[in-house]
Each structure stands twice: as C-alpha cells, then as structure tokens.
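K.L.:
Residue numbers (numbering that gives the first Met the number 0), protein chains in the order written: chain A, 0 to 573; chain B, 0 to 83.
Positions of the beta carbon are idealized from the N, C-alpha and C atoms, including for glycine.
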Amino acid sequence: MSSMMLVAPLDVQNWTYIFVGITFAIYIGIAIWSRASSTKEFYVAGGGVSPLANGMATAADWMSAASFISMAGIISFAGYDGAVYLMGWTGGYVLLALLLAPYLRKFGKFTVPDFIGDRYYSKTARLVAVFCALLVSFTYVAGQMRGVGIVFSRFLEVDINTGVIIGMIIVLFYAVLGGMKGITYTQVAQYCVLIFAFMVPAIFISIQMTGNPIPQLGFGGKLADGSGTYLLDKLDGLSTELGFTEYTEGSKSLIDVFAITLALMVGTAGLPHVIVRFFTVKRVKDARKSAGIALLLIAILYTTAPAVAVFARTNMIETVSNQPYSGVPEWFKKWETTGLITFTDKNNDGRIQYVADASKNELVVDRDIMVLANPEIANLPGWVIALVAAGGLAAALSTAAGLLLVISASVSHDLIKKVIKPSISEKGELVAARLSAVGAVCVAGYFGIHPPGFVAAVVALAFGLAAASFFPAIILGVFYKRMNKEGAIAGMVVGITSMLLYMIKYKLGWFDDVVPDKSAWWFGISPEGFGTVAMILNFVVSITIMKFTPAPPEEVQDIVENIRIPSGAGEATH
Amino acid sequence: MTKSNAKAYWKENIRYVLILLLVWFLVSYGAGIIFKDVLNNIKLGGFKLGFWFAQQGSMYVFVILIFVYVRLMNKLDKKYGYDE
Chain A
0 MSSMMLVAPL DVQNWTYIFV GITFAIYIGI AIWSRASSTK EFYVAGGGVS
50 PLANGMATAA DWMSAASFIS MAGIISFAGY DGAVYLMGWT GGYVLLALLL
100 APYLRKFGKF TVPDFIGDRY YSKTARLVAV FCALLVSFTY VAGQMRGVGI
150 VFSRFLEVDI NTGVIIGMII VLFYAVLGGM KGITYTQVAQ YCVLIFAFMV
200 PAIFISIQMT GNPIPQLGFG GKLADGSGTY LLDKLDGLST ELGFTEYTEG
250 SKSLIDVFAI TLALMVGTAG LPHVIVRFFT VKRVKDARKS AGIALLLIAI
300 LYTTAPAVAV FARTNMIETV SNQPYSGVPE WFKKWETTGL ITFTDKNNDG
350 RIQYVADASK NELVVDRDIM VLANPEIANL PGWVIALVAA GGLAAALSTA
400 AGLLLVISAS VSHDLIKKVI KPSISEKGEL VAARLSAVGA VCVAGYFGIH
450 PPGFVAAVVA LAFGLAAASF FPAIILGVFY KRMNKEGAIA GMVVGITSML
500 LYMIKYKLGW FDDVVPDKSA WWFGISPEGF GTVAMILNFV VSITIMKFTP
550 APPEEVQDIV ENIRIPSGAG EATH
Chain B
0 MTKSNAKAYW KENIRYVLIL LLVWFLVSYG AGIIFKDVLN NIKLGGFKLG
50 FWFAQQGSMY VFVILIFVYV RLMNKLDKKY GYDE
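1) Does the Cβ-Cβ distance between A:Phe23 and A:Ala385 come in under 8 Å?
2) Excluding the five sequence neighbours on either side, which residues of its own chain have a C-beta within less than 7 Å of the C-beta of A:Thr57, listed in chain order?
3) Could you tell me which residues DSSP pairs with A:Arg312 in its beta bridges?
4) Of all Cβ atoms in chain B, is any one closer than 8 Å to the Cβ of A:Pro374?
5) Counting only Cβ pairs nearer than 7 Å, list the residues of chain B close to A:Leu230.
6) Within 8 Å of any Cβ in chain A, is that where the Cβ of B:Ser84 sits?
7) Quick check: what's the CA-CA separation for A:Val307 versus B:Lys35?
8) Should A:Gln556 be labelled buried (16 or more other beta-carbon atoms within 10 Å of its own) or exposed?
9) List, in order along the chain, the chain B residues whose C-beta lies closer than 7 Å to that of A:Glu560?
10) Alpha carbon to alpha carbon, how far is A:Leu103 from A:Trp509?
11) Let me know if A:Cys441 comes out buried or exposed under the rule of 16 or more other beta-carbons within 10 Å of its beta-carbon.
12) Can you pull the chain B residues whose beta carbon is under 7 Å from the beta carbon of A:Phe257, in chain order?
13) Here's a check: name, in chain order, each residue in its chain whose Cβ is nearer than 6 Å to the Cβ of A:Leu171, leaving out the five neighbours to either side.
14) Within the 8 Å Cβ cut-off, does B:Ile65 reach chain A?
15) Just the Cα atoms here: how many angstroms apart are A:Ile419 and A:Lys484?
16) Can you name the residues that DSSP bridges to A:Thr341?
17) Run through DSSP, which three-state label would A:Val280 get?
18) Short check: CB of B:Ile65 to CB of A:Ala96, under 8 Å?
19) Step through the CB atoms of chain A and report whether any lies within less than 8 Å of the CB of B:Val37.
20) When the Cα of A:Phe154 is compared with those of A:Pro565, A:Thr260 and A:Trp382, which residue comes out closest?
21) Check each candidate in A:Phe137, A:Gly249 and A:Leu241 and name the one with the smallest Cα separation from A:Asp356.
22) Would A:Ser566 pass as an interface residue toward chain B - the criterion being a Cβ-Cβ separation below 8 Å?
23) Using alpha carbons as the reference points, say which of A:Thr183, A:Met179, A:Leu300 and A:Arg145 lies closest to A:Ile618.
24) Mind pulling the beta strand (DSSP E) runs of 3 or more residues that sit fully within the segment 1-41 of chain A?
25) With which residues is A:Pro323 paired in a DSSP beta bridge?
26) Return the chain-ordered list of same chain residues with a C-beta closer than 6 Å to the C-beta of B:Leu17, the five sequence neighbours on each side being excluded.
27) Could you check which residue in B:Met72, B:Ser3, B:Gly45 and B:Ile33 has the C-alpha nearest to that of A:Val256?
28) Spell out a yes or no on whether the segment 415-432 of chain A and the segment 120-139 of chain A are touching, meaning 3 or more CB-CB pairs, one atom from each, closer than 8 Å.
29) Flag this pair as yes or no: are the beta carbons of A:Asn378 and A:Arg350 separated by less than 8 Å?
30) Using a cut-off of 9 Å between C-beta atoms, extract the partners of B:Glu83 located in chain A.
31) Tell me whether the beta-carbon of A:Met62 lies closer than 8 Å to the beta-carbon of A:Ile423.
32) Residues in the same chain with beta-carbon distance under 8 Å from A:Ile27, minus the five sequence neighbours each way, listed in chain order, please.
33) What is the DSSP secondary structure of A:Phe331, reduced to helix, strand or coil?
34) For a cutoff of 8 Å on Cβ pairs, would you count B:Asn40 as touching chain A?
35) Assuming contact is defined by CB atoms lying nearer than 8 Å, are A:Ala59 and A:Gln143 in contact in what I supplied?
36) If we cut at 8 Å on Cβ distances, does B:Leu112 have a partner in chain A?
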C-alpha cells in the first residue's frame with residue numbers, strides 16, 4: 000500500500016482540491032439552473048418533486064456532518080451505546096411515515112408553523128411554533144458549520160474560519176437563488192457524493208481486515224489474518240485489556256439508552272426541515288413512498304457506520320497502543336497539528352499508553368476525526384482520503400441548506416406574511432424570503448466560527464427540543480380531533496421550556512457554574528434523553544388543559560377529518 | 000364519499016399503524032435494548048444477537064416496515080375509493 004502512495008502522481012491535498020472543486024461546481028451549476036421564480040418554488044420546490052428525488056434529497060438533508068463525520072467516531076468510542084444514534088436516527092422515519100408525513104402533505108401548506116397555526120386556529124400557536132422552529136434549526140445548523148470548518152482546516156489546510164466562510168458563500172448561493180427548488184436538486188447530487196465517499200473507504204477497509212467486501216457482514220466476520228478469530232471478539236479482548244468496557248456491552252444505563260433512543264426517534268419525526276420535505280411531492284401516496292426511499296438510502300450509511308466504527312477502533316488501537324512515539328505514522332502528526340489528537344508522555348517511556356485509566360492514559364483522540372482519519376489509518380490511496388473530504392462537505396452543506404430554508408420560511412412566511420404584514424405581495428414575500436436566508440447564513444456562520452462544543456452533542460439536543468415541542472402538537476392535531484388551541488399551546492410551552500431548563504442545568508451548567516454530576520440527573524436520564532420526558536410532559540399538559548377548555552370550532556374539526564383522507568391533496572397553497 | 004366510508008377507512012388505517020408500530024417497538028426497544036443481554040447469549044456469526052439487533056437488525060426492519068405500510072395503504076386507498 001505504501002508503494003502505491005509513492006507512485007501516485009497527485010498527493011492528498013491536490014486530490015482534495017480536485018474533488019471539492021468539481022462537486023462545488025456541480026452544486027453551483029444546479030443552483031443557476033433551478034432558480035426559484037415564485038414563493039411556491041422557493042418554499043416547496045413547486046410541489047412536483049418525484050418520490051425518488053424527494054427520497055434522495057431527504058436522505059442528504061437528513062444526513063448531516065454529525066452522521067457523516069461524527070457518528071461512526073462516537074460509536075467507535077461508545078461501542079454498544081452508539082446504538083442510540085443508529086436506532087434513534089432511523090426509527091424516527093417509521094413514525095414520520097406512519098404518523099406524520101401523509102397527513103401533513105394532505106394538509107398542503109408551506110411550513111410546520113402553518114400547520115400548527117391553522118390546526119390550532121391561533122396566532123399564538125403559530126408564533127410558539129415559529130419560536131420552536133427557529134430554536135431547533137439554529138441549534139442544529141451550528142453543528143453543520145463547525146463540520147465544514149473541520150474538513151477545510153484539515154484537508155485544504157486553510158484556517159477554520161476561512162473554511163466556514165467558503166462554506167457560507169456556497170450555501171448562500173444556491174439557497175438564496177434556488178430556495179427549496181435549488182436545495183432539492185443540489186441535495187440529490189450531494190446524496191450521491193456523500194454515499195459514494197462513505198462507502199468506498201468502508202469497502203476497502205472491510206476487504207483489508209476481514210476479506211468481505213460488504214462492511215455490514217464484514218464486521219461480524221473473522222479476521223483476514225487467518226487467525227480464525229472473530230473481529231468483534233478481538234475488539235472486545237483489546238478493549239478489556241486496556242481497561243475499557245467490552246465493546247459490545249456499553250456502559251450507559253438501560254433507562255438512559257431507552258430515553259435517548261426515544262428522544263432521537265421522536266425528535267427526528269418532529270424536525271421541521273425533514274417534515275417540510277414531504278410538502279414537495281405531488282400526492283399523499285408519494286409522501287409515504289418517499290419516506291420509505293429516504294430511509295432505505297439513509298440505512299445504507301447507517302448500517303455501514305457501526306462497521307466503520309469497529310474497523311477504525313481496532314485499527315487505531317493496534318497502530319498506536321504501546322508503540323514508540325518516534326515511529327508514529329504521518330496522519331498522526333498531521334492531526335496533532337490540528338489539536339484533535341494530543342499525546343503527553345506521562346511516564347516518559349517514549350511509548351504511547353492508551354488506556355481507560357485517565358491518570359495513566361497519554362493519548363486523547365477527538366471523536367470527530369475517526370471517519371476522516373480512518374482511510375489514512377488504513378493506508379488507503381490519496382484519492383480515497385480526498386473523497387471523504389468532499390463527502391463530509393456534501394453532508395454538512397446539504398443539511399445546512401435545508402435548515403436555512405426552514406429559518407427563512409419561518410421569518411418571511413410565518414412571521415411577515417401571516418402575522419406582521421399580510422398584505423405583502425408575492426414578489427415582496429420572495430424578496431423577504433431571500434433576505435432572511437442571507438441573514439440566517441450569517442448567523443450560522445457566526446456559530447461556525449465560535450462553535451458551541453461537539454458537533455453531535457449539540458445536534459443531539461436539537462432533537463430533544465423538537466421532541467418536546469412539535470411531535471406531540473402534530474400527533475394530537477391529526478389523531479385527536481378534540482385537541483384545542485389551549486391544550487396545544489400549553490403543551491408546547493411546557494415541553495420546550497422544561498427541555499431548555501434541563502439542558503441549561505445539566506448540559507451547560509449555567510445555573511451552578513459547574514455541570515452537575517450524573518447522579519443528579521432525574522430518573523438517571525441524561526440531557527440527551529430528556530427530550531423523552533419533556534415530550535411526555537407536553538402530552539400530559541396538552542390533554543389535561545384540553546379537558547377543561549372548549550372544543551375546537553366545527554370548521555377545524557372538518558379540517559382534521561379532511562386530512563385523514565388521502566385523496567384530493569392538490570397542491571400546496573397559501 | 001360518505002362519512003361512514005371515511006370512518007371505516009380511518010379505523011383500518013389505525014389498526015395497520017398499531018400493528019406496525021408494535022413490531023417497530025419490539026425490534027428496537029425490545030430486542031435491541033430491554034432483552035439485549037438475554038439475546039447476547041445467542042451468536043449470529045461474530046455478532047452477539049442483542050448487539051446485532053441494536054446496531055443492524057432493527058434498521059433493516061424499519062425499512063421493511065415502511066414499505067409494508069406503503070403497500071397496505073395503497074391497497075386500502077383503492078378499497079375505499081381514495082386512490083388517485
């Protein structure tokens with residue numbers, strides 16, 4: 000393998016420039032081709048997207064920097080516990096397909112606050128929904144911009160801030176010009192780039208380590224070295240030897256695993272940038288089908304990620320554990336310069352001790368770099384490494400664009416058109432939509448340059464917020480005709496407030512100047528899992544308040560009966 | 000379309016959804032979380048079964064569930080004349 004790298008005419012950095020250059024040119028080309036000329040095109044891509052294109056776009060929209068860059072890395076450090084992300088971020092699609100997408104498509108408006116505002120016949124409900132949508136989307140978009148910065152700084156060796164600004168300009172270009180229409184077709188291209196970039200190195204490494212080209216089977220297979228040992232048994236052995244928990248066992252409590260998984264699933268189903276994708280198809284049956292296609296395309300990456308995690312973990316331990324620091328490979332040195340790998344020779348023996356005991360451990364590896372470093376750790380050719388960089392960017396940019404659209408639609412449609420200035424013309428609203436998109440990109444860029452901690456950790460909290468607010472309001476809106484505005488508003492306010500307070504107290508530690516210990520968690524549930532509790536609170540409060548307040552008006556009850564019938568969906572309208 | 004037609008359609012829809020969600024719950028929260036330790040005594044190649052459900056099997060079932068739902072609902076739409 001090393002000889003292959005020597006004879007390669009281009010180095011990793013040049014390959015990266017080529018791949019990133021080509022993919023960016025494609026995105027810009029699509030943006031110019033698919034300019035939006037009406038608000039309908041800007042918000043829902045004109046409403047005529049095919050189920051396959053929508054499935055691909057949803058998958059790219061969905062798979063963020065967190066899925067592409069961070070998830071396999073987190074799993075490789077968390078072992079079994081990583082399942083919360085795998086099940087959580089896929090299982091939500093079942094809820095989405097069975098409980099939400101068809102009905103919201105039939106309802107046929109532009110945004111999630113549209114549904115909340117009309118179904119609960121109230122401006123207050125709409126405003127609460129706008130607030131929740133903005134909070135969720137901004138929390139989430141911060142993580143994407145940070146992902147863009149990491150990729151740029153490591154692979155193109157530019158400053159993280161410059162990387163973020165380049166990313167902002169690209170997103171600005173196609174989100175502002177094309178709106179949902181531009182975003183949809185760029186996301187189709189981005190899905191192809193990111194899935195190819197994720198699978199190629201995974202397949203290479205699977206063959207290298209287990210002789211099986213299918214990573215999903217490879218990581219349950221025997222090692223290719225002829226020892227007859229199963230890969231997972233070997234990793235369990237290595238882990239316990241170094242003092243870690245067995246890889247396949249995990250260390251979170253059962254109730255916390257349960258709560259986090261549920262919060263992520265329900266949060267997925269309640270995320271406005273995912274829900275709004277189902278407004279872009281023609282018929283209700285297309286909405287159901289595209290949810291299936293989206294999950295299938297997502298599952299290709301999600302079932303590969305745990306395999307990549309096992310390969311990367313095993314490879315990393317074998318490459319560095321107890322090896323002399325003077326002989327570390329080049330990738331190790333390169334990542335050290337970014338500060339994402341640090342080595343302190345505590346016992347001065349010149350060797351790297353990587354163990355669970357924090358007082359003896361000498362190596363700290365940032366979880367975010369595992370996927371990016373994996374091809375280098377496995378000594379794959381330069382173009383594969385460069386491909387991963389382009390894939391990471393595709394994942395981050397596609398999600399960022401989807402979120403920016405939700406933010407701009409919330410401002411221009413839900414705030415300006417529906418509340419502040421209903422008399423605004425179609426043209427004026429389109430200008431407002433574009434300006435809000437510009438504003439949103441700038442705020443997102445600010446978060447990218449001043450990042451709030453781990454990509455995936457922050458994103459995980461966005462799910463808690465979505466689970467605590469939208470999911471119950473939409474479910475009750477569809478399945479419970481008697482649900483009224485008083486109940487729904489109270490539920491959303493209590494849900495999102497309790498989630499925010501818990502997050503501020505136990506995740507950020509702002510109330511006590513320190514982050515409280517695990518033992519202080521309610522019912523042993525972490526901030527990431529608290530979305531489940533907040534969601535239950537929302538349901539309980541909504542139903543209780545509803546019991547003591549008047550039923551919704553007749554015409555609203557008729558709307559509910561109407562959205563339950565799939566035919567006659569028509570096109571999305573004001 | 001009469002109101003009773005819509006009611007009957009809705010009832011069948013709810014039944015499908017409940018059955019599919021039961022399977023959804025059993026593979027993920029059941030096999031992948033609650034009964035993980037018991038299932039881990041069984042091995043599927045190099046995988047412990049509980050671990051496999053948590054990191055692989057549940058996701059395969061999720062995909063299948065949605066496509067089953069799509070088929071069932073397309074049939075149901077036809078049966079009640081809501082097809083288009």
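P.N.:
Checking against the coordinates, here is how it stands:
1) Against the first sequence, residue 23 of chain A aligns to sequence position 24. Against the first sequence, residue 385 of chain A aligns to sequence position 386. Cβ distance not < 8 Å, so A:Phe23 and A:Ala385 don't count as in contact.
2) In the first sequence, the residue the question calls residue 57 of chain A occupies position 58. Apart from sequence neighbours up to five positions away, the residues of its chain that approach A:Thr57 with a beta-carbon distance below 7 Å are Val273, Arg276, Ser289 and Ala293, ordered along the chain.
3) In the first sequence, the residue the question calls residue 312 of chain A occupies position 313. Paired residues: none, contrary to the question.
4) By one-based count along the first sequence, residue 374 of chain A stands at place 375. No, because no Cβ of chain B sits closer than 8 Å to the Cβ of A:Pro374.
5) By 1-based counting over the first sequence, the position of residue 230 of chain A is 231. Per Cβ cutoff of 7 Å: Gly45.
6) Chain B is shown from 0 up to 83; residue 84 of chain B falls before or after that span and cannot be answered.
7) If you number the first sequence from 1, residue 307 of chain A lands on position 308. If you number the second sequence from 1, residue 35 of chain B lands on position 36. Across the structure, A:Val307 and B:Lys35 are spaced so that their CA atoms are roughly 22 Å apart.
8) To locate residue 556 of chain A, count along the first sequence from 1; it is residue 557. Within 10 angstroms of the beta-carbon of A:Gln556 lie fewer than 16 other beta-carbons, which makes it exposed.
9) Working through the first sequence from its first residue, we reach residue 560 of chain A at position 561. Ala5, listed in chain order.
10) Indexing the first sequence from 1 puts residue 103 of chain A at position 104. Indexing the first sequence from 1 puts residue 509 of chain A at position 510. In this structure, the alpha-carbon of A:Leu103 lies about 38 Å from that of A:Trp509.
11) Position 442 of the first sequence, counting from 1, holds the residue named residue 441 of chain A. Exposed, because fewer than 16 other Cβ atoms sit within 10 Å of the Cβ of A:Cys441.
12) As a working mapping, residue 257 of chain A is identified with position 258 in the first sequence. Residues of chain B passing the Cβ test: Tyr28 and Ile32.
13) Within the first sequence, the letter at position 172 stands for residue 171 of chain A. Within the same chain, A:Leu171 has close Cβ partners Val440.
14) Working through the second sequence from its first residue, we reach residue 65 of chain B at position 66. It does: the Cβ of B:Ile65 has a partner Cβ on chain A nearer than 8 Å.
15) If you number the first sequence from 1, residue 419 of chain A lands on position 420. If you number the first sequence from 1, residue 484 of chain A lands on position 485. In this structure, the alpha-carbon of A:Ile419 lies about 21 Å from that of A:Lys484.
16) By one-based count along the first sequence, residue 341 of chain A stands at place 342. Under DSSP, A:Thr341 takes part in a beta bridge, and its partners are A:Val363.
17) The sequence position of residue 280 of chain A within the first sequence is 281, counting from 1. Note: A:Val280 maps to strand in three-state DSSP.
18) Indexing the second sequence from 1 puts residue 65 of chain B at position 66. Indexing the first sequence from 1 puts residue 96 of chain A at position 97. Yes, the pair counts as a contact, with Cβ atoms nearer than the cut-off.
19) Translated into the one-based positions of the second sequence, residue 37 of chain B becomes position 38. It does not; no Cβ of chain A falls within 8 Å.
20) Here residue 154 of chain A refers to the residue found at position 155 of the first sequence. Distances from the alpha-carbon of A:Phe154 to those of A:Pro565, A:Thr260 and A:Trp382 put A:Trp382 closest.
21) Counting from one through the first sequence, the residue named residue 356 of chain A turns up at place 357. Relative to A:Asp356, the option among A:Phe137, A:Gly249 and A:Leu241 whose CA is nearest is A:Leu241.
22) Within the first sequence, the letter at position 567 stands for residue 566 of chain A. Yes, its Cβ sits closer than 8 Å to a Cβ of chain B.
23) This structure cannot speak to residue 618 of chain A, because chain A is shown only from 0 to 573.
24) The segment 1-41 of chain A contains no whole beta strand (DSSP E) run of 3 or more residues.
25) On the first sequence, position 324 is the one that residue 323 of chain A refers to. For A:Pro323, which the question treats as bridged, DSSP gives the partners A:Arg350.
26) Reading the second sequence from its first residue, position 18 is the one you call residue 17 of chain B. Excluding residues within five positions, none has a Cβ falling inside 6 Å.
27) Taking the first residue of the first sequence as 1, we reach residue 256 of chain A at position 257. Residue nearest to A:Val256 within the set B:Met72, B:Ser3, B:Gly45 and B:Ile33 is B:Ile33 (criterion: CA-CA distance).
28) Flag = yes, the segment 415-432 of chain A and the segment 120-139 of chain A touch.
29) Here residue 378 of chain A refers to the residue found at position 379 of the first sequence. Here residue 350 of chain A refers to the residue found at position 351 of the first sequence. Not a contact, by the Cβ cut-off of 8 Å.
30) Taking the first residue of the second sequence as position 1, residue 83 of chain B is located at position 84. Under a criterion of Cβ atoms nearer than 9 Å, the residues of chain A adjacent to B:Glu83 are, in order, Arg282, Val283, Lys284, Pro565, Ser566, Gly567 and Ala568.
31) Here residue 62 of chain A refers to the residue found at position 63 when the first sequence is read from its first residue. Here residue 423 of chain A refers to the residue found at position 424 when the first sequence is read from its first residue. In this structure, A:Ile423 does not lie closer than 8 Å to A:Met62 by Cβ.
32) Numbered from its first residue, the first sequence carries residue 27 of chain A at position 28. Around A:Ile27: Ile169, Phe172 and Tyr173.
33) Here residue 331 of chain A corresponds to residue number 332 of the first sequence, with the count starting at 1. In the structure shown, A:Phe331 sits in a helix (DSSP, three-state: H, G or I).
34) One-based indexing of the second sequence puts residue 40 of chain B at position 41. Answer no: the Cβ-Cβ gap between B:Asn40 and chain A never drops below 8 Å.
35) As a working mapping, residue 59 of chain A is identified with position 60 in the first sequence. As a working mapping, residue 143 of chain A is identified with position 144 in the first sequence. No.
36) Given that chain B is displayed from residue 0 to residue 83, the structure contains no residue 112 of chain B and the question cannot be resolved.
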